[in-house]
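To convert, count from 1 in the sequence shown and add 33; that's our numbering. The C-beta atom is built at its ideal place from N, Cα and C for all residues, glycine as well. All values derive from a computational prediction rather than experimental measurement. Everything below concerns the one structure shown next.
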Amino acid sequence: MKCPFCNYVDSKVIDSRSADDGSRIRRRRECLQCGGRFTTYEVVENLPLLVIKKDKSRQPFDKEKLLNRLLLACKKRPIPVETLERVVSEIEMTLLNSFVREVESTQIGEMALDKLRDIDVIAYVRFASVYRDFSTVDEFMNELKNLKKS
Numbered sequence: 034m035k036c037p038f039c040n041y042v043d044s045k046v047i048d049s050r051s052a053d054d055g056s057r058i059r060r061r062r063e064c065l066q067c068g069g070r071f072t073t074y075e076v077v078e079n080l081p082l083l084v085i086k087k088d089k090s091r092q093p094f095d096k097e098k099l100l101n102r103l104l105l106a107c108k109k110r111p112i113p114v115e116t117l118e119r120v121v122s123e124i125e126m127t128l129l130n131s132f133v134r135e136v137e138s139t140q141i142g143e144m145a146l147d148k149l150r151d152i153d154v155i156a157y158v159r160f161a162s163v164y165r166d167f168s169t170v171d172e173f174m175n176e177l178k179n180l181k182k183s
């Protein structure tokens with residue numbers, strides 16, 4: 034950390050403590066050249082996760098939007114909301130841990146389908162019918178055949 038008094042680039046930390054309910058760390062530092070003391074704050078850098086839509090536009094990832102789509106697919110099914118919230122959180126954490134800042138909407142849809150397949154096949158088919166935008170009955174039947182095979 035650069036000293037604000039002499040611009041020397043090396044300092045030592047004298048004291049560290051939590052600030053703002055743990056969202057920042059306050060550090061007291063001492064310059065190794067001039068001995069000047071100063072305070073710095075360390076915060077987590079939150080980079081937004083952007084979703085690339087089919088039309089190539091970009092928008093911030095919205096957990097609520099994904100949860101609402103899953104709730105719609107699971108309407109009148111015996112699936113607790115907590116299960117769907119967990120699915121959305123797992124998808125979000127997977128994306129954030131991949132360190133990719135932009136992700137295609139198709140990738141998110143495939144992740145949701147993979148999770149739904151293990152939870153409820155009816156919800157899976159409902160979500161797939163909207164997500165994959167079946168234009169013919171044959172496309173829908175092929176999806177059902179593939180589901181039945183696996």
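Pair within 9 angstroms by beta-carbon distance, residue i and residue j
i, j, result
"R91", "L99", "no"
"R110", "A145", "no"
"F94", "E125", "yes"
"V163", "L177", "no"
"S49", "M34", "no"
Which listed residue (the options) has its alpha carbon closest to that of residue i
i, options, result
"K87", "D54, I141, L146, L128", "I141"
"D53", "E143, V46, G68, V76", "V76"
"A72", "C107, V136, I58", "A quick correction: the sequence has Thr, not Ala, at residue 72. Taking only the C-alpha atoms, the option nearest T72 is I58."
Own chain partners of residue i with C-beta closer than 7 angstroms, once the 5 adjacent residues on each side are dropped
i, result
"I152", "I112, T116"
Close-in-space but distant-in-sequence residues of the same chain around residue i (CB under 8 angstroms, 5 per side omitted)
i, result
"V114", "L104"
"G69", "C36, P37, F38, C39, E63"
"L80", "R134"
Whole-angstrom C-beta distance between residue j and residue i, which should lie under 8 angstroms
i, j, result
"I85", "S138", "7 angstroms"
"L128", "V136", "6 angstroms"
Residues of its chain near residue i, where Cβ-Cβ distance is below 6 angstroms and the 5 sequence neighbours each way are ignored
i, result
"A156", "A106, C107, R110, L149"
With three or more C-beta pairs closer than 8 angstroms as the rule, is the region 38-47 touching the region 58-66? yes
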